[in-house]
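Numbering (my numbering), first residue to last: -18 to 354.
Where is the CB? At the ideal position from N, CA and C, for every residue including glycine.
Some notes on the structure that comes next.
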Amino acid sequence: METPERARLDAFFRRITAQFPAGQAITTLVITHLLPERPAFLHAMTAVSTIGAVLPKPRSIHQPTLDTVRRTLPVHDLSRERFTDETQALHYLEDTAGGQDVVLVDIGGYFAASLDTLVNKFSGRILGVVEDTENGHQRYAALGSLPCPVVSVARSPLKDCEDHLVGRSIVFSTDALVRARGDILTSRSACVIGFGKIGRSIAQTLRAQDLRVTVYDNDAVKRVQAHALGFRTSSSTTEAVHDAELVLCATGNLALRHEDFAALRNGAYLGSVTSSEDELELSSLDDLYERQPVESQLTRYEVTGHYFYVLADGGAVNFVHGAAVGTYIHLVQAEILAATAALSHARFQPGLHEMPAADRDTIARTWLRHFER
-18 METPERARLD
-8 AFFRRITAQF
2 PAGQAITTLV
12 ITHLLPERPA
22 FLHAMTAVST
32 IGAVLPKPRS
42 IHQPTLDTVR
52 RTLPVHDLSR
62 ERFTDETQAL
72 HYLEDTAGGQ
82 DVVLVDIGGY
92 FAASLDTLVN
102 KFSGRILGVV
112 EDTENGHQRY
122 AALGSLPCPV
132 VSVARSPLKD
142 CEDHLVGRSI
152 VFSTDALVRA
162 RGDILTSRSA
172 CVIGFGKIGR
182 SIAQTLRAQD
192 LRVTVYDNDA
202 VKRVQAHALG
212 FRTSSSTTEA
222 VHDAELVLCA
232 TGNLALRHED
242 FAALRNGAYL
252 GSVTSSEDEL
262 ELSSLDDLYE
272 RQPVESQLTR
282 YEVTGHYFYV
292 LADGGAVNFV
302 HGAAVGTYIH
312 LVQAEILAAT
322 AALSHARFQP
332 GLHEMPAADR
342 DTIARTWLRH
352 FER
């Protein structure tokens, strides 16, 4: 990031943290994509909290950024297993922030499985969770009765810009990986599973690049929306993927399970918008399909009479090329900062919440003053 750009970003975050100041002293555990623009966000987080740990998502670590962050902040390894096991999660939290007031900043619902234990047995206090993503939102919503406030920005209007650009970046990276094999996507048949904000952007971008696009979503309302926008729709996953030469999954909730892979067309390319364990049940194929790397970030799955290609090991395809969405990412980061500050003031009761519209308006106006050109 160039010096003037970093100065403008720092000024934006200073204004945000002034508009949404923290109350009592809190410690945060921050799960994040450690990409080149992230140090500015982490620096802003230190204005509203003491960062007890930065937990980078393993598939989105930019090594020079990791080296930079490690010089000033504690960086710990992140695994789903650590926080799925309640005992291990509690021991980790005690070692990292024992006796303190803690806000958990999450991407993907990592803390959901052990949240009840952490809230009830931790020597300090869990003031709440801030969740960034749709699949994480779904994990917390599935818990039903939450033991603490969970503030989700996943469905915030401020995230619409990011989600639209994420969809475009997914298609960009997919195209690049397919071209690396000497192939192209133009005029192919494609299937998008999941017609939320990212799935819709993917479908529209694929159509603009001259692919024939079929959409499947288990929500009938979203299938109607896709149909109204001129996309072909299917009534089942199996039907949707059967003839598709490209399948992109954007549900955040296991789009393809064990029985679905057999329906994939021979030679199909398969990609995801999020972590493989959240979108594709590839582990169920371990004893059935032989895996062979073909190109960097492209793996061939083969069993007698059937084969297909998996992009980026089933992880988020766009992170292969940095997942850039420009300055729009700072809208969401600002809302995360505001939500963290709100939890420090105990503004929310236990349950799943969103930030007030007035706060989002403040963030949007501040962003426009700093980044509108």
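**OP:** Quickly, what does DSSP pair Y250 with across the bridge? List them, please.
**Re:** Within the sequence shown, the letter at position 269 stands for residue 250. According to DSSP, which records beta bridges pairwise, Y250 is partnered with L227 and Y290.
Subject >> Straight-line gap, V159 to A94 (C-alpha atoms, nearest Å) >> reply: Numbered from its first residue, the sequence shown carries residue 159 at position 178. Numbered from its first residue, the sequence shown carries residue 94 at position 113. Going by the C-alpha atoms only, they are around 36 Å apart.
**OP:** Run through the stretch 59 to 112 for me and flag every whole alpha helix (DSSP H) of 4 or more residues, listed as ranges in chain order.
**Re:** 61 to 65, 67 to 78 and 96 to 102
Original post:
What is the DSSP secondary structure of Q314, reduced to helix, strand or coil?
Top reply: Within the sequence shown, numbered from 1, the residue matching residue 314 stands at position 333. Three-state DSSP puts Q314 in a helix.
Original post:
Does the distance from the CB of E316 to the CB of V86 come in under 7 Å?
Top reply: Here the question's residue 316 lines up with position 335 in the sequence shown. Here the question's residue 86 lines up with position 105 in the sequence shown. No.
Original post:
Taking the alpha carbon of E62 as the point to measure from, which residue in V83, E(-14), G90 and S41 has its own alpha carbon closest?
Top reply: Along the sequence shown, one-based indexing puts residue 62 at 81. Checked all of V83, E(-14), G90 and S41; the closest Cα to E62 is G90.
Original post:
Q273 to V291, Cα distance in whole Å?
Top reply: For the purposes of this step, residue 273 is identified with residue 292 of the sequence shown, where counting begins at 1. For the purposes of this step, residue 291 is identified with residue 310 of the sequence shown, where counting begins at 1. Using only the alpha carbons, I get a separation of about 10 Å.
Original post:
So the beta strand (DSSP E) P39 belongs to, where does it begin and stop?
Top reply: Residue numbering aside, residue 39 sits at position 58 when the sequence shown is read from its first letter. Under the DSSP assignment, P39 falls in the beta strand (DSSP E) whose first and last residues are T31 to I42.
Original post:
L10 to A243, Cα distance in whole Å?
Top reply: Along the sequence shown, read from residue 1 onward, the residue named residue 10 stands at position 29. Along the sequence shown, read from residue 1 onward, the residue named residue 243 stands at position 262. The straight-line gap from Cα to Cα measures roughly 40 Å.
Subject >> Option in P17, P130, R19 and P(-15) with minimal Cα separation from P331 >> reply: Position 350 of the sequence shown, counted from the first residue, corresponds to residue 331. Of the residues P17, P130, R19 and P(-15), the one whose Cα lies closest to the Cα of P331 is P130.
Subject >> Status (buried if at least 16 other CB within 10 Å, exposed otherwise) for P20 >> reply: The sequence position of residue 20 within the sequence shown is 39, counting from 1. Classification of P20: buried, given that the 10 Å Cβ count is 16 or more.
**OP:** Determine contact between the stretch 243 to 261 and the stretch 277 to 297, defined as no fewer than three beta-carbon pairs at a distance below 8 Å.
**Re:** Yes: at least three Cβ pairs fall under 8 Å.
**OP:** Report yes if the C-beta distance between I80 and S104 is below 7 Å; otherwise report no.
**Re:** Along the sequence shown, one-based indexing puts residue 80 at 99. Along the sequence shown, one-based indexing puts residue 104 at 123. Correcting the residue identity first, residue 80 is Gly in this sequence and not Ile. Yes. Within cutoff.
Original post:
With distances taken from CA atoms, which of L54, Y270 and A231 is nearest E240?
Top reply: Position 259 of the sequence shown, counted from the first residue, corresponds to residue 240. The candidate whose alpha carbon is nearest that of E240 is Y270.
**OP:** Taking only the alpha-carbon atoms, compute the straight-line gap between D224 and A161 and give it to the nearest angstrom.
**Re:** The residue you call residue 224 lines up with position 243 of the sequence shown. The residue you call residue 161 lines up with position 180 of the sequence shown. The straight-line gap from Cα to Cα measures roughly 23 Å.
**OP:** If I'm right that A34 touches P55 with Cβ under 8 Å, what's the distance once you round it to whole angstroms?
**Re:** As a first step, residue 34 is located in the sequence shown; it is residue number 53 there, counting from the start. As a first step, residue 55 is located in the sequence shown; it is residue number 74 there, counting from the start. Sure, about 5 Å apart at Cβ, within 8 Å.
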